[in-house]
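The structure appears right after this line, and notes come after that.
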Amino acid sequence: MTVRAVVAGVGHYLPDRIVPNSEFEVSLDTSDEWIRSRSGIERRHIAAPGQTTSDMAIRAARAALADAGLEPDDLDAIIVATSTADFTFPSAATMVQAELGMTKGFAFDVQAVCAGFIYALSNANALILSGQARRVLIIGAETFSKIMDWTDRSTCVLFGDGAGALILDTAEGDGTTSDRGVLSTDLNSDGRYRDILYVDGGVSTQTTGFLRMEGKEVFRHAVEKLAATATTALEKVGLTGADVDWVVPHQANIRIIAGTAKKLGLPMDRVVVTVQDHGNTSAASIPLALSVGKERGQIKRGDLVVTEAIGGGLAWGAVVLRW
Ligand code: UT7
10 MTVRAVVAGV GHYLPDRIVP NSEFEVSLDT SDEWIRSRSG IERRHIAAPG
60 QTTSDMAIRA ARAALADAGL EPDDLDAIIV ATSTADFTFP SAATMVQAEL
110 GMTKGFAFDV QAVCAGFIYA LSNANALILS GQARRVLIIG AETFSKIMDW
160 TDRSTCVLFG DGAGALILDT AEGDGTTSDR GVLSTDLNSD GRYRDILYVD
210 GGVSTQTTGF LRMEGKEVFR HAVEKLAATA TTALEKVGLT GADVDWVVPH
260 QANIRIIAGT AKKLGLPMDR VVVTVQDHGN TSAASIPLAL SVGKERGQIK
310 RGDLVVTEAI GGGLAWGAVV LRW
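For the sequence shown, my numbering begins at 10 and goes up steadily by one.
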């Protein structure tokens with residue numbers, strides 16, 4: 010028998026306020042047409058003043074717990090993937106732990122920007138396979154609205170706020186790719202590219218800073234590296250694009266999503282797309298898309314899912330799992 014980390018539940022939370030592209034036309038030299046055609050984004054949710062990343066993470070966590078039929082004390086660990094935690098410390102994960110009333114186990118954050126959820130999922134899988142945890146709650150939660158330069162039209166129209174959560178439980182499989190659960194993971198980073206996507210502030214500058222991006226450069230790396238990491242993750246378990254039921258990509262730009270799907274040889278009707286409604290929610294985008302994809306009736310038990318992301322660092326990776 011082989012130990013597998015199997016999806017037990019999924020859920021998400023989006024802030025109430027929806028900002029359509031047309032709202033930016035008032036304050037910036039931009040248009041709904043430009044944003045739609047260059048990125049695929051039509052609207053995004055923005056957190057209320059004072060609403061924090063941990064607040065959204067907790068709501069997504071409760072939704073995932075309800076979906077799994079579990080209580081907080083059934084969990085052994087919480088991992089929050091975020092670059093926009095409420096405070097420099099403590100971690101958002103310990104804030105979620107306290108709010109859920111969970112007094113045992115352990116909680117920590119993972120910071121790999123837009124690839125954060127892939128890194129967190131991979132680490133949760135490793136915790137389960139090594140016997141260090143039985144049930145792990147993994148959350149991607151971000152308030153990128155707080156690190157936007159609202160006068161920079163090349164970035165502020167692209168991002169949104171939100172949170173998604175997924176629970177992995179320990180199960181036994183046969184050791185084949187027919188097993189439910191995480192089948193393979195592939196993580197990469199290359200710090201030589203740190204200057205093409207970064208925040209120009211932080212503890213060392215005693216400012217929060219704003220997101221800065223060379224969009225064209227990031228775009229160029231994205232399609233190539235996402236297709237490569239997804240292919241590598243599939244090859245690790247002897248699978249190809251033809252075996253995939255759903256690609257659940259990081260939702261940054263519809264042109265990146267479509268370009269990657271094409272390289273993988275997959276038609277767009279096998280890709281979960283939420284970028285039009287959420288914009289780029291960084292580490293939250295994949296768990297949001299998994300939750301919405303399940304809600305829409307796209308992702309079903311037993312489906313082979315490939316999920317991939319790239320972001321600041323650059324950091325990127327992919328996870329293959331059977332839902
Ligand atoms: O999640 C982390 C990963 N991030 C990403 O994956 C983002 C990757 N990059 C992208 O998605 C795209 O590069 C963008 C959507 C950011 C930009 O699309 P693009 O086709 O690469 O456009 P561009 O940067 O080449 O800009 C084209 C023009 C420029 O004007 P000039 O220099 O050609 O006169 C920009 O100044 O569009 C201009 N522009 C805008 N125009 C209207 C930039 N932003 C805007 C805007 N509205 N909001």
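Backbone N, C-alpha and C fix where the C-beta goes; we use that ideal spot for every residue, glycine too.
{"query": "G5 beta carbon near the ligand UT7 (any heavy atom closer than 7 Å)", "result": "Residue 5 falls outside the range modelled here, since the chain spans only 10 to 332, and no answer is possible."}
{"query": "CA nearest to the CA of P276, picked from H287, D286 and V253", "result": "V253"}
{"query": "Beta-carbon contacts of K245 that lie in its chain and below 6 Å, excluding the five residues immediately before and after", "result": "S193"}
{"query": "Closer than 7 Å: K272 CB and nearest the ligand UT7 heavy atom", "result": "no"}
{"query": "CB contact flag (N134, W325, <8 Å)", "result": "no"}
{"query": "Segment limits, alpha helix (DSSP H) that includes H230", "result": "G224 to K245"}
{"query": "Exposed unless 16 or more other CB atoms sit within 10 angstroms - verdict on K309", "result": "exposed"}
{"query": "Any non-hydrogen atom of the ligand UT7 within 7 Å of N30 CB", "result": "no"}
{"query": "Nearest to R26 (by Cα), restricted to the options R45, T152, I148 and L79", "result": "T152"}
{"query": "V145 beta carbon less than 8 Å from that of D85", "result": "yes"}
{"query": "Minimum C-alpha distance to N30 - residue among R13, V16, G49 and H21", "result": "G49"}
{"query": "Three or more C-beta pairs below 8 Å linking the region 312-324 and the region 160-173", "result": "no"}
{"query": "Nearest to H89 (by Cα), restricted to the options A102, T186 and T249", "result": "In the sequence on display, residue 89 carries Val and not His. Checking every option, the nearest Cα to that of V89 belongs to A102."}
{"query": "Length of the line joining the Cα atoms of P58 and A94", "result": "15 Å"}
{"query": "Where T316 sits in the DSSP three-state scheme", "result": "strand"}
{"query": "Closest residue to T217 among T240, F126 and D209 (Cα-Cα distance)", "result": "D209"}
{"query": "Extent of the continuous alpha helix (DSSP H) to which A101 belongs", "result": "A101 to L109"}
{"query": "Pair within 8 Å by beta-carbon distance, G114 and Y202", "result": "no"}
{"query": "Closest by C-alpha distance to S163, when choosing among D188, L37 and L299", "result": "L37"}
{"query": "6 Å Cβ shell around I205 - same chain, five flanking residues per side excluded", "result": "E223, E226 and V227"}
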